[in-house]
Amino acid sequence: MTGRIHGIVPPMVTPFRDDGSIDEAALCAETRYLIESAGVHGLAVCGSTGEGHTLSTDETRLVTATVIEAAAGRVPVITGIIANSTAAVIERGRAVADLGVAALQVTPVHYLFRPDDDAMLRHFAQIAEHSALPVMIYNVVPWTYLSPQLLTRIIDSVDGVIGVKQSAGDMKLLADLLLMAGDRACIMSAVDALLYPSFALGSAGSIAAILTAAPTLCVQLWDAVQRGDHAQARALHEKLLPIWNAIFADNLPANTRYCMQLQGRDGGVPRPPMPVTSTAQQAPIRSALSSAGLT
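Shown next as structure tokens:
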């Protein structure tokens, strides 16, 4: 499905088994839960929360195909690509091009050596030209973080770039990007701690791990802001922020899985070398979910 990307778009975990294989049944079940029970507006796969950096091209296709089949056209599905060359991104984009993907979520080249702005623009232009799918820039990597000025330059120069998933927790940069891009692009917030002000400032929605950890509350928050109920939105923000504070760590995907587990959802296990949620991490996560009424 290639419908409009907006609202609450959880970045799904990839449910690995102990042997490292992908549990397709768990992936289907989570897809159905997010759509039918949580009421999300879209789904994103193979991103940071989904440990996309650990997936092969064949696994990226498998995860994408599985979720699109389970979604059955009810919501758009975005596929993440985390790769370090233009050719590798194009190859992976072509691998999912026939599946009905709404867009590719592409991380800038992020190994040690940063391309200059002109090279980064060419990178996204070539991806858009050869992938035949809309491209959303996933602006997350600290040492190749793209400025609002460069992002809007790419948006204005490359027809296939439809938007940005803006991360890093900096509301000033998100606000600048929203102001500079206007209605020319779909700007999705990945500022997990501050979804309420992100929505109030006019972001098109969110793709962020907190949406997977607590999808029902995030849908309620989105709906509250859309109808102008800011008292309810603030109350929901005050439930969500402690959850984010509890799960934010280097093993965020594992902690997101632990949230799912506490709510009766199967997220599998992380792919090595990422560690599972530690005993010390479990208590504050349980407390935050309980206080929010999720367990």
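Heads up, the sequence shown is in the numbering used here, so the first residue is 1 and it goes up one at a time.
We put the beta carbon where it would ideally sit given N, CA and C, even for glycine.
Computed from a predicted model, the values in this text were never measured in an experiment.
Between the beta-carbon of isoleucine 247 and that of alanine 213 there is about 6 angstroms, and that keeps the pair under the 8 angstroms contact cut.
The bridge partners DSSP lists for isoleucine 137 are Val106, Val164. Between the alpha carbons of serine 37 and cysteine 218 lies a gap of roughly 13 angstroms. One alpha carbon belongs to valine 158, the other to alanine 88, and they sit about 19 angstroms apart. For alanine 44, the enclosing beta strand (DSSP E) begins and ends at 43 to 45. In the structure shown, serine 198 falls within a helical segment according to DSSP collapsed to helix, strand and coil. Taking the Cβ atoms as the reference, alanine 65 lies roughly 5 angstroms from leucine 99, within the contact range of under 8 angstroms. The bridge partners DSSP lists for cysteine 259 come to none. The straight-line gap separating the alpha-carbon atoms of lysine 172 and valine 75 is approximately 30 angstroms. Between valine 77 and valine 45, the CB-CB gap stays under 8 angstroms. A direct Cα-to-Cα measurement between alanine 29 and threonine 54 gives close to 22 angstroms. Judged by beta-carbon spacing, arginine 92 lies within the 8 angstroms limit of threonine 57, meaning their Cβ atoms are closer than that value. DSSP, reduced to helix, strand and coil, places phenylalanine 16 within a strand of the structure shown.
Per DSSP, the unbroken beta strand (DSSP E) holding glycine 80 starts and ends at 77 to 81. The way I'd put it, the segment 264 to 273 doesn't touch the segment 185 to 202; fewer than three beta-carbon pairs between them come closer than 8 angstroms.
A distance below 6 angstroms between beta-carbons, with the five flanking residues on each side excluded, links alanine 208 to the following residues of its chain, in chain order: Ala190, Asp192.
The C-alpha of phenylalanine 199 is placed about 33 angstroms away from the C-alpha of leucine 62.
Spanning the alpha carbons of leucine 174 and glutamine 261 requires a straight line of approximately 32 angstroms. Annotation: the continuous beta strand (DSSP E) that includes methionine 188 extends over 186 to 189.
One Cα belongs to leucine 236, the other to arginine 153, and the distance between them is close to 35 angstroms.
If you draw a straight line from the Cα of proline 253 to the Cα of glycine 52, it is about 11 angstroms long. A distance below 7 angstroms between beta-carbons, with the five flanking residues on each side excluded, links serine 278 to no residue of its chain.
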